[in-house]
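Beneath this line is the structure, given in structure tokens, with notes to follow.
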Amino acid sequence: MKGLVHLLYGDGKGKTSAAAGAALRAAGAGKKVLFAQFLKPGTSSEIPLLKAAGGIEVRCFFPGKWVRDMTPKERAAAAVPCGEFLQAIIQDAARYDFVVLDEILPACAGGLVREEVLLSFLDGKPEETEVILTGRQPSSALLERADYATEMKKIKHPFDSGIPARKGVEF
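Position one of the sequence shown corresponds to residue 5 (this note's numbering), numbered consecutively onward.
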């Protein structure tokens, strides 16, 4: 079966949740899954279940600060380990049937990984490997490469009313 590229993007809630659900479905079908989170500390509530599910390897990269809070110097310093994190995933991709790159889009937009590297991976990935990319604003090149493109659009969110993110709901 040919592996396709999914793009879950937008300013709405549910991108990581949808990717985690797809990872669980793939693992339930006996597929070997890599769930890699960029720019997140690995403390979201889905992580323990993904790790316990069997057939899913979880890897997380968090530079210690959210990209929006980084100075240009901090971004430059974080780009090296973030790029190495992506390179390690690319090198290991053939071991997996299903690869999730959660929050890869802001890693690209923030200059922590080069989009050309990601595009090259998508163009040269193993034929049968399914890939999910998540984040906010994909480039036209990423939209072009996607077989599925689903935009999560925020209409209303409690955060806009001052309600902070809640464990088990938003993370």
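The C-beta atom is built at its ideal place from N, Cα and C for all residues, glycine as well. Model, not experiment: these values are computed from the prediction.
One thing to note: Val9 has its Cβ no nearer than 7 Å to the Cβ of Leu109.
Scanning Gly68, Gly14 and Ala57 for the CA closest to the CA of Gly25 turns up Ala57. Residue environment: Ile167 is assigned as exposed (fewer than 16 neighbouring CB atoms within 10 Å of its CB, all protein chains considered).
Residue burial annotation: Ala31 is buried, with at least 16 other C-beta atoms found within 10 angstroms of its C-beta.
DSSP places Arg63 in no alpha helix (DSSP H) but in the uninterrupted beta strand (DSSP E) bounded by Ile60 to Phe65. In the pairwise beta carbon analysis, the region 69-80 is classified as not touching the region 94-101: fewer than three pairs are separated by under 8 Å. Taken in chain order, the complete alpha helix (DSSP H) segments of 4 or more residues contained in the region 5-79 are 19-32 and 50-56.
A distance of 7 Å or more separates the beta carbons of Phe102 and Glu132.
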